[in-house]
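Engineer:
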Amino acid sequence: MMMMRDKMEESDQSDSSCSGYGSRTSFSEEPVSQSYLLTRVEGKIGSPEKPLSDLGLISYRSYWKDVLLERLCNMGGKQISIKDMSQEMAINSYDIVSTLQVLGMMKYWKGKHIILKKQEVIQEYLEKRAKRKYPVFKEIDPKCLRWHPPTPVNHNVNAS
49 MMMMRDKMEE SDQSDSSCSG YGSRTSFSEE PVSQSYLLTR VEGKIGSPEK
99 PLSDLGLISY RSYWKDVLLE RLCNMGGKQI SIKDMSQEMA INSYDIVSTL
149 QVLGMMKYWK GKHIILKKQE VIQEYLEKRA KRKYPVFKEI DPKCLRWHPP
199 TPVNHNVNAS
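Take 49 as the starting number for the sequence shown in our numbering and just add one per residue.
1. Please classify Trp195: does DSSP put it in a helix, a strand, or coil?
2. Going straight from the alpha carbon of Gly70 to that of Pro79, what length do you get?
3. Got a sec? Which residues, its chain only, sit under 6 Å from Lys155 by beta carbon, not counting five neighbours each side?
4. Would you kindly work out how many angstroms separate the C-alpha atoms of Gln167 and Lys126, rounded to a whole number?
5. Between the Cα of Leu116 and the Cα atoms of Arg180, Leu86 and Met153, which residue gives the shortest distance?
6. Out of Lys92, Ser129 and Val150, state which residue places its alpha-carbon closest to the alpha-carbon of Lys160.
7. Using a Cβ-Cβ cut-off of 7 Å (strictly less than) and excluding sequence neighbours within five positions of Lys131, which residues of its own chain qualify?
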């Protein structure tokens, strides 16, 4: 599991961020977005450290909701699995399922989770997005990232 605090400390030490805490987004959105960017670069799936505070859950759920709805808006009529979305967005499948359940867009049927693309939820999201002055979440450009995942160091050197 990814721990937000550790990722941000690595981020700060490695000068990985090319964005600051500007007035465009709330303070809590950028660290979440940065954390998931680092997780994607590492090729891992992330989830925040649990238990989350109430404010932490609001921040993460807001990010998850925005990226999931944006993804669903842009996928057209294609089918996609929770596993595929999890790998693509580096978000733990449990976090995806719980967010879709909160939105009323998840159904468990015949042993499988099925995503319900509820048009009223999508439409409400699109209307709110159109009214906002700035993007719902600020996606960080991966090309600006100046960070590489740490590589394990082998301390067992044979002195022959």
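Note that beta-carbon positions come from the ideal geometry of N, C-alpha and C, so glycine has one too.
Structural biologist: Once the coordinates are examined:
1. coil
2. Only weak support is given to the placement of Gly70: the predicted model assigns it a pLDDT of 34, under 50, and the value that follows is read from those uncertain coordinates. Computed Cα separation, rounded: 12 Å.
3. Ile162 and Leu164
4. Distance between the alpha carbons of Gln167 and Lys126 is about 15 Å.
5. Met153
6. If we check each option's Cα against that of Lys160, Ser129 comes out closest.
7. Ser141
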